[in-house]
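Numbering-wise, the sequence shown is residues 362 to 726 according to our numbering.
Every residue gets a Cβ at the ideal spot worked out from N, C-alpha and C, and that includes glycine.
First up is the structure itself, then whatever we jot down about it.
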Amino acid sequence: MEKKSSYSIPVLFDSQAFQRDLIEWYQQIKRELPWRENQDPYRVWVSEIMLQQTRVDTVIPYFNQFMARYPTVQDLSEAAEQDVLKSWEGLGYYSRARNLHTAVKEVVANYDGKIPSEKKELKKLKGVGPYTQGAILSIAFDQPEPAVDGNVMRVMSRVLHIDADIAKAKTKSLFEDVVSEVISTEDPSSFNQGLMELGALICNPTNPKCEECPVQKHCMAYELGIQTELPVKTKNKKQKKANYTAIVVKNEADEFFIQQRASQGLLAGMWEFPLADLSEVSEDGMLRWFEKEYGIEIDAIRHGEKVKHIFSHLIWEVDVMFCMVKDQADLNRMQKGKFVSREELADYPLPNVQLKILKQIDAQV
């Protein structure tokens, strides 16, 4: 039984003319991006995962390096997780890399290394949500499936004057229904990419370039002069702040102490200079905390510059304390973590906040 749409397209809206104008514009102006060189579903998949929460200009060099290192599903499935995380270092949102790595292993194990072209199979893969699924099916397999992200919701809310709150999860389903009704069945790849491109280049959040818009004559918000009032989006909850001190410890061999984060949770599996939570450890008790936690007595040498990192839901403010091992004999009773040289540090995947600390280390060399 076919699912009933939660939205009715206005009778006077000419879907075919909208498709034609959007696709013609996209074909003329589309940016030359490395993942658009062909319709390889693996390349499409990797690019869409990288592009989540990340700017196109940032993604391009990462995508090129990643594809050079892991050119096929098989290559990525055989890689060690630490190597995959290292290749992702600096892009952030590392669960994307772990999920992609898990999913390609599922493709190799269950689909003979071929990315499935059926929705019910594709959605079973780890980390493949409705958007990624729609992007792969439409761009790589030319299937008329919606791929709805923030850009698409903004464009369609203006074109069809939809005032549903896009901050609510259920609204995304509404826009998926909308796109399903107006998508081109002849060229769904160009249609979906055209919507994304329109949102990125023309239909901006605050200053839409309506005079340059290829679908201006179809846009109800433009006709009413309310394009800057859409989409409706309630403000997110204020991000929580967390305060830490990063303790950068060096031994006599000029090696630095690092530890691996837990395999679950924020920044899972990444490596770091230990972080003391300032809600639990006082500044005066920092050295004692480190000795109790790691079995190593240390002396504070100097304080570095505070670093800040913003996650989608959280803000970390991190003081930096540089220390030396007090008694080298303590290294024999070290409880966890390891000492590595500055050169060896390059082999370990570090989150962005730790890379900022690493820059301070290098500035002192």
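Would you mind stating whether residue i and residue j have Cβ atoms separated by less than 8 Å?
| i | j | result |
| --- | --- | --- |
| VAL701 | LEU383 | no |
| PHE502 | SER478 | yes |
| ILE657 | LEU692 | yes |
| VAL468 | VAL417 | no |
| LEU483 | MET631 | no |
| ALA623 | ALA629 | yes |
| GLN625 | GLU633 | no |
| GLU409 | THR463 | no |
| ILE527 | LYS598 | no |
| VAL520 | HIS579 | yes |
| ILE718 | VAL668 | yes |
| ARG459 | GLU442 | yes |
| ILE476 | TRP386 | no |
| GLU613 | GLN689 | yes |
| SER727 | GLN389 | With the chain covering 362 to 726 only, the question about residue 727 has no answer from this structure. |
| ASP660 | LYS699 | no |
| MET514 | PRO569 | no |
Is residue i helix, strand or coil when you go by DSSP?
| i | result |
| --- | --- |
| ILE671 | strand |
| ASN471 | helix |
| ALA615 | With the sequence shown as reference, residue 615 is identified as Asp, and Ala is not the correct amino acid for it. If DSSP states are grouped into helix, strand and coil, ASP615 belongs with coil. |
| ILE421 | helix |
| PHE552 | helix |
| HIS579 | helix |
| ILE563 | coil |
| ILE370 | coil |
| ILE390 | helix |
| VAL407 | helix |
| LYS596 | coil |
| LYS601 | strand |
| GLN620 | strand |
| ILE587 | coil |
| THR532 | helix |
| ALA525 | coil |
| ILE608 | strand |
| CYS571 | helix |
| GLU398 | coil |
| ALA429 | helix |
| GLU537 | helix |
| ILE544 | coil |
| ASP375 | coil |
| ARG416 | coil |
| GLU450 | coil |
| ALA440 | coil |
Is it buried or exposed for residue i, if we count other Cβ within 10 angstroms and need 16 for buried?
| i | result |
| --- | --- |
| HIS674 | exposed |
| THR567 | exposed |
| GLU590 | exposed |
| HIS664 | exposed |
| ASP548 | buried |
| LEU452 | buried |
| GLY646 | exposed |
| GLY490 | exposed |
| LEU498 | buried |
| ASN553 | buried |
| GLU450 | buried |
| MET362 | Reliability of the predicted coordinates at MET362 is poor, the pLDDT of 37 falling under 50, and the value obtained from them is presented with this limitation in mind. Burial call: exposed. |
| LEU716 | exposed |
| GLN380 | buried |
| SER640 | exposed |
| SER518 | buried |
| GLU584 | exposed |
| GLU705 | exposed |
| MET557 | buried |
| ARG649 | exposed |
| PRO712 | buried |
| ARG457 | buried |
| SER448 | buried |
| ALA525 | buried |
| THR532 | buried |
| MET685 | exposed |
| ILE563 | buried |
| LYS364 | Here the model assigns LYS364 a pLDDT of 48, short of 50, so the residue's position is not dependable, and the following value carries that caveat. The residue is exposed, with fewer than 16 neighbouring Cβ atoms inside 10 Å. |
| PRO432 | exposed |
Is residue i close to chain D? Criterion is C-beta to C-beta, closer than 8 Å.
| i | result |
| --- | --- |
| LYS717 | Of the chains in the structure shown, none is chain D; there is only one protein chain. |
- Message: List, from N- to C-terminal side, the alpha helix (DSSP H) runs of 4 residues or more that fit wholly inside the stretch 453–519.
- Response: The qualifying runs are 456–471, 480–483 and 491–496.
- Message: Measuring CB atoms only, is the stretch 505–512 touching the stretch 532–539, in the sense that at least three cross pairs come out at less than 8 Å?
- Response: Enough Cβ pairs lie closer than 8 Å, so yes.
- Three or more C-beta pairs below 8 Å linking the stretch 581–596 and the stretch 413–431: The stretch 581–596 makes no contact with the stretch 413–431, as fewer than three CB pairs between them are under 8 Å.
- Query: Can you list, in chain order, the stretches of the alpha helix (DSSP H) that have 4 or more residues and sit fully within the stretch 657–718?
  - Reply: Entirely contained in the stretch 657–718, the alpha helix (DSSP H) runs reaching 4 residues are, in chain order, 703–706.
- Are there three or more Cβ pairs, one per stretch, closer than 8 Å when the stretch 602–612 is compared with the stretch 676–691? Contact between the stretch 602–612 and the stretch 676–691 is present, because at least three Cβ pairs lie under 8 Å.
- Message: Runs of 3 residues minimum, wholly inside the stretch 622–652: which ones carry the beta strand (DSSP E) assignment?
- Response: List check, beta strand (DSSP E) in window: 636–638.
- Touch check for the stretch 371–389 and the stretch 398–407: three-plus C-beta pairs under 8 Å? The answer is no - the stretch 398–407 does not touch the stretch 371–389, with fewer than three Cβ pairs under 8 Å.
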